[in-house]
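Chemist:
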Amino acid sequence: MSRYLCIHGHFYQPPRENPWLESIELQDSAYPYHDWNERITAECYGPNAVSRILDGEERIDRIVNNYASISFNFGPTLLAWMAEAKPEVYQAILEADERSRLRFGGHGSALAQPYNHLILPLANARDKRTQIVWGLADFEHRFGRRAEGAWLPEAAVDLESLDLLAAEGVLFTILEPGQAHRVRLKGTDAWEDVSGGRIDTTVPYRIELPSGRSMALFFYDGSTSRAVAFEGLLSSGERFARRLVSRFPEEAAGDADTDRLVHIATDGETYGHHHRHGEMALSYALHEIESNGWATLTNYGAYLASHPPTREVEIWEDSSWSCVHGVERWRSDCGCHTGGGPGWTQAWRAPLRDALDGLRDDLIPLYEAEAGRLFADPWTARDDYAAVVLDRSPATVDAFLERHGAAGVKGADRVRALELLEMQRHAMLMYTSCGWFFNDLAGLETIQILQYAGRVVQLAGRLFGGEVEESFLLRLEKARSNEPAAGTGRDLYDRHVRPSRVDLPQVAVHSAVTALFENQPAIHRVFCYTVEKRQGQTSQAGRARLSIGRMRVESSLTGDAELMSYGVLHFGDHNLSAGVRRGPGSQGTEEDARLIALIAEIVQPFEHGDLAQVVRLLDRSFDGLSYSLRSLFRDEQRRVIGLVLDSTLKDAEGELREMYVQHAPLLRYLHSLGTPPPGALRAAVEHVLDVDLKRALADPRVDPGEVQKLLDEAAGLGATLDGGGLSYALERSLGALVESLTRTPEDMTLLRRADRVAGLARRPPFKPDLWSAQNRCYAMLEIAYPVMKEEADAGEDLAMEWTGLFRSLAGKLGLRVE
184 MSRYLCIHGH FYQPPRENPW LESIELQDSA YPYHDWNERI TAECYGPNAV
234 SRILDGEERI DRIVNNYASI SFNFGPTLLA WMAEAKPEVY QAILEADERS
284 RLRFGGHGSA LAQPYNHLIL PLANARDKRT QIVWGLADFE HRFGRRAEGA
334 WLPEAAVDLE SLDLLAAEGV LFTILEPGQA HRVRLKGTDA WEDVSGGRID
384 TTVPYRIELP SGRSMALFFY DGSTSRAVAF EGLLSSGERF ARRLVSRFPE
434 EAAGDADTDR LVHIATDGET YGHHHRHGEM ALSYALHEIE SNGWATLTNY
484 GAYLASHPPT REVEIWEDSS WSCVHGVERW RSDCGCHTGG GPGWTQAWRA
534 PLRDALDGLR DDLIPLYEAE AGRLFADPWT ARDDYAAVVL DRSPATVDAF
584 LERHGAAGVK GADRVRALEL LEMQRHAMLM YTSCGWFFND LAGLETIQIL
634 QYAGRVVQLA GRLFGGEVEE SFLLRLEKAR SNEPAAGTGR DLYDRHVRPS
684 RVDLPQVAVH SAVTALFENQ PAIHRVFCYT VEKRQGQTSQ AGRARLSIGR
734 MRVESSLTGD AELMSYGVLH FGDHNLSAGV RRGPGSQGTE EDARLIALIA
784 EIVQPFEHGD LAQVVRLLDR SFDGLSYSLR SLFRDEQRRV IGLVLDSTLK
834 DAEGELREMY VQHAPLLRYL HSLGTPPPGA LRAAVEHVLD VDLKRALADP
884 RVDPGEVQKL LDEAAGLGAT LDGGGLSYAL ERSLGALVES LTRTPEDMTL
934 LRRADRVAGL ARRPPFKPDL WSAQNRCYAM LEIAYPVMKE EADAGEDLAM
984 EWTGLFRSLA GKLGLRVE
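When we follow this note's numbering, the leftmost residue of the sequence shown carries the number 184, and every step to the right adds one.
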């Protein structure tokens, strides 16, 4: 019997983008990161691409890409975010699949996934098909090959979904052992009941589908997977390896030629996010198993190619891997949840799904009628819309319209065609599974899917008018939060979704307000909108600023566009008022003259300081000043507030610095006596030293001597410094230095500076994460170091000095050199 081993990671985050901006806004709960995607990338997705294997002295012996050795799938919406926000990690994932193809006989380790993680058995047939087609198109676009296998969201399965996958050429999927009903040997009639997880997980199975198609199913080792996810098995890489190997069955008489596959499946976030350093346990376990010859690593595609199923299986339909009640977690109060208070229920799940189903179904005949006017086949067009979702360029949109008989669709009809398809896209996004997974209707995940529903409603209102929204909200009223203050689904929609809606005038205000605080090109992007400034004037009088002008705003997704005038008055600090007036569709001389006259009328009282008159004129000219600083999108709002506060903070820092300079000798004397300094003086000293240290570390030509001098000053004054903030500043500085060194490794001055800055990492109050610097230094260890060492061994003085300094740097970063 030959032993094969495969570990599968399902890497996925729910889409978190604002549906109107197509971008993730600031999420304070993810601090110190911008949002949860960024945080989990730092804790899991990135570390798995450069996982450490340590030697007996806890030094980094090697850095490996875990993805190249395991089976994995990534949610398409997560990869779309990663391609833009974290391209290094994204490229490492794509490269891992290429390497796995070389390693495993042409079979890549990456699997596809239906597009946005909706529960397929609970979807209608059209949505199932589109989700599968979009997921496969996204996979082929990114990985450059057709997917052999696909992961089902929550491993939720029914025969129709499997048949649709098989129809698209998918060869296999992975299920939990409890999802198997009965098995038999091919060519025999006798079925064996394996309910309750009693199936042999070490062999593949074939399932016959209603259409006459078939596909392979792998049932993973459930107990070991649970031990990895929930029982602390990742606390030791060695123990993890031995547990995996122990799952191979004993060889039975006459069974010596039958190979076996031990395989597990967990959320990929288990390796690093749920369990800190879990990625290191994974890489160590794989290294141990391979180096000791305990088993041969493989992936599902490679194993299936050489071990076609000899057994057939029937499954329990509407079952899943994370709910013992099947798929009830996503439509009923089944009892599965993630916590909550006494007496809490999930009775809200059914009316939430009913409301979304009702919205979807109300729109089907409207979509078919209107899209039928614009496309040869509305549903075929929706299936193919994945091409546009992946590439929004005008050329791609034109080619898409040409394919679907809409090449002649121009102007307003072109906008309507794209709005119809965007409505359908969000009508699938609103079913993303996490909206039902947790413990309450008022949770962030459920609010997110209500946001998608809000975008559907907005587009439907533009396209069809009518009572689509009211019908939806009447159904949503029946869903009630466990938190009395949160109320019903309708209350949550009114509180969280309505205020989040974005239209073109709001984009115009956002652009106009931010232009007061930064220079903008005439044509610029505001998230998924393009803004073109046509005319305008900005004036300043004391702390007050005034901007009046005209701009064209266009959605980059649908082409919907408007020309509008704007007026913004900033009184100083956070006091700001703005208004917008929708203008004519073209830039005519009459409108030009009107705007010029308006500017002249308002600028005169502004320059004379008559702000009350300015407000009256703006209010009259723009039908009310209905926008303020609150109208800015969240990230920009936070940034602008920071700019507004900057001058105030500079004034405060100047006063604190004066206190520090004046009283530093007294504070040193008090510290020498062991006498605690007065709180006000201590706060001044600590603030000034923190600021100076962060500035010193942020300087691209950071001077380690200056940093050391400031640290010594802090120690002499007994100052308590901001260890977290300073550590973050040091790790960024050191990472940038080593990155520069990888580009010019021969730069001795840079190498000396990097070595000295790395030496600071061991000094209090620093506790930096050296991950970035280690990765880059390891790359030099593999490429530049062997060349320089060869020259050093030949007696070249400069190379000898270089290798000595590099060994010092690598040692301070915790890398094993020799």
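Cβ coordinates follow ideal geometry from the N, Cα and C atoms, glycine included.
#1: Would you kindly check if the distance between the Cβ of H193 and the Cβ of W334 is under 8 Å?
#2: Using CA coordinates, which residue listed in R999, I824, W504 is at the minimum distance from E337?
#3: Spatial neighbours of A975 within its chain, please: C-beta separation below 6 Å, excluding the five flanking residues on both sides.
#4: D882: buried (16+ other C-beta within 10 angstroms of its C-beta) or exposed?
#5: Once DSSP output is grouped into helix, strand and coil, what is the label at Y216?
#6: Would you say S760 and S722 are within 8 Å of each other, going by their C-beta atoms?
#7: So, is I706 buried or exposed, given that buried needs 16 or more other C-beta atoms within 10 angstroms?
#8: With a Cβ-Cβ cutoff of 8 Å, do I472 and L416 count as a contact?
#9: So for T441, helix, strand or coil by DSSP?
#10: Beta-carbon within less than 8 Å of H757's beta-carbon, same chain only, minus the 5 sequence neighbours each way: which residues are those?
#11: Can you check which of these residues, V763, A468, I190, is closest to D450 by C-alpha distance?
#12: Is it buried or exposed, A339, if we count other Cβ atoms within 10 angstroms and call 16 or more buried?
#13: Pop quiz: A464 and S419 are said to be a contact at Cβ under 8 Å. What is the actual Cβ separation, rounded to whole angstroms?
#14: With DSSP collapsed to three states, give me the class of T986.
#15: Less than 8 Å between the C-beta atoms of N249 and E462, yes or no?
#16: Helix, strand or coil: how does DSSP classify Y810 here?
#17: Who are the Cβ neighbours of R821 in its own chain at under 8 Å, not counting the five residues just before and after it?
#18: Going along the chain, which unbroken runs of the alpha helix (DSSP H) with 4 or more residues stay wholly within the segment 902-986?
#19: Measuring alpha carbon to alpha carbon, tell me which residue in H490, E497, R575, V445 is nearest G361.
#20: Between which two residues does the beta strand (DSSP E) holding E200 run?
#21: Note the first and the last residue of the continuous beta strand (DSSP E) segment covering K369.
#22: Does the Cβ-Cβ distance between N201 and S683 come in under 8 Å?
#23: Consult DSSP for I706 and reduce its assignment to one of helix, strand or coil.
#24: Answer with buried or exposed for F413, where buried requires no fewer than 16 other C-beta atoms within 10 angstroms of its C-beta.
#25: Among residues of its own chain, excluding the 5 on either side of A448, which ones have a beta-carbon nearer than 7 Å to its beta-carbon?
#26: Buried or exposed for K593, going by 16 or more other Cβ atoms inside 10 Å?
#27: Quick one: measure Cβ to Cβ for F355 and M398, integer angstroms, because I've assumed they're closer than 8 Å.
#28: Using a Cβ-Cβ cut-off of 6 Å (strictly less than) and excluding sequence neighbours within five positions of H753, which residues of its own chain qualify?
#29: Going by other Cβ atoms of all chains shown within 10 Å of its Cβ, with 16 needed for buried, is W374 buried or exposed?
#30: Using a 10 Å radius around the Cβ and a threshold of 16 neighbouring Cβ atoms, would you call N475 buried or exposed?
#31: With burial defined as no fewer than 16 other Cβ atoms inside 10 Å of the residue's Cβ, what is the status of H508: buried or exposed?
#32: Once DSSP output is grouped into helix, strand and coil, what is the label at G719?
#33: Pairs of beta-carbons, one from the segment 264-279 and one from the segment 485-494, closer than 8 Å: are there three or more?
Modeler: Concretely, from the data shown:
#1: In terms of Cβ geometry, W334 and H193 form a close pair [threshold 8 Å].
#2: In this structure, W504 is the residue among R999, I824, W504 with its C-alpha nearest to the C-alpha of E337.
#3: Around A975: A982, M983, T986.
#4: Label assigned to D882: exposed.
#5: Coil at Y216, not helix or strand.
#6: In this structure, S722 does not lie closer than 8 Å to S760 by Cβ.
#7: Looking at its Cβ environment, which holds fewer than 16 other Cβ atoms inside 10 Å, I706 is exposed.
#8: When the beta-carbon positions are compared, I472 and L416 stay at least 8 Å from each other.
#9: T441 falls in the coil class under three-state DSSP.
#10: So the list reads L812, I824, V827, once near-sequence residues are dropped.
#11: For D450, the nearest C-alpha among the options comes from I190.
#12: It counts as buried.
#13: The C-beta distance from A464 to S419 rounds to 7 Å, short enough to fall under 8 Å.
#14: Helix.
#15: In contact: N249 and E462 (Cβ atoms closer than 8 Å).
#16: Strand, per DSSP.
#17: If the five residues before and after R821 are omitted, its C-beta is found closer than 8 Å to the C-beta atoms of L209, all from its own chain and listed in chain order.
#18: If only complete runs of 4 or more residues are kept, the segment 902-986 shows the alpha helix (DSSP H) at 906-926, 931-943, 954-976, in order along the chain.
#19: The shortest C-alpha separation from G361 is found at E497.
#20: First-last for E200: undefined, no H or E at that position.
#21: Per DSSP, K369 lies in no beta strand (DSSP E) segment and is marked neither H nor E.
#22: Taking 8 Å as the cut-off, the beta carbon of N201 is found closer than this to the beta carbon of S683.
#23: Strand, per DSSP.
#24: Residue burial is scored here from C-beta neighbours: F413 has fewer than 16 other C-beta atoms within 10 angstroms and is therefore classed as exposed.
#25: Around A448: H191, H193, I357, Y403, S408.
#26: With a threshold of 16 other beta carbon atoms within 10 Å, K593 falls short and is exposed.
#27: Contact between F355 and M398 holds: their C-beta atoms lie close to 6 Å from each other, under 8 Å.
#28: Annotation for H753: L699, R728, L759 place their beta carbon closer than 6 Å to its own, counting only its chain and skipping 5 residues before and after.
#29: The residue in question, W374, is exposed, as its Cβ has fewer than 16 Cβ neighbours within 10 Å.
#30: The residue is exposed, with fewer than 16 neighbouring Cβ atoms inside 10 Å.
#31: Exposed, because fewer than 16 other Cβ atoms sit within 10 Å of the Cβ of H508.
#32: Shown here, G719 sits in a strand according to DSSP, grouped into three states.
#33: Touching, no, given that fewer than three Cβ pairs across the two stretches are closer than 8 Å.
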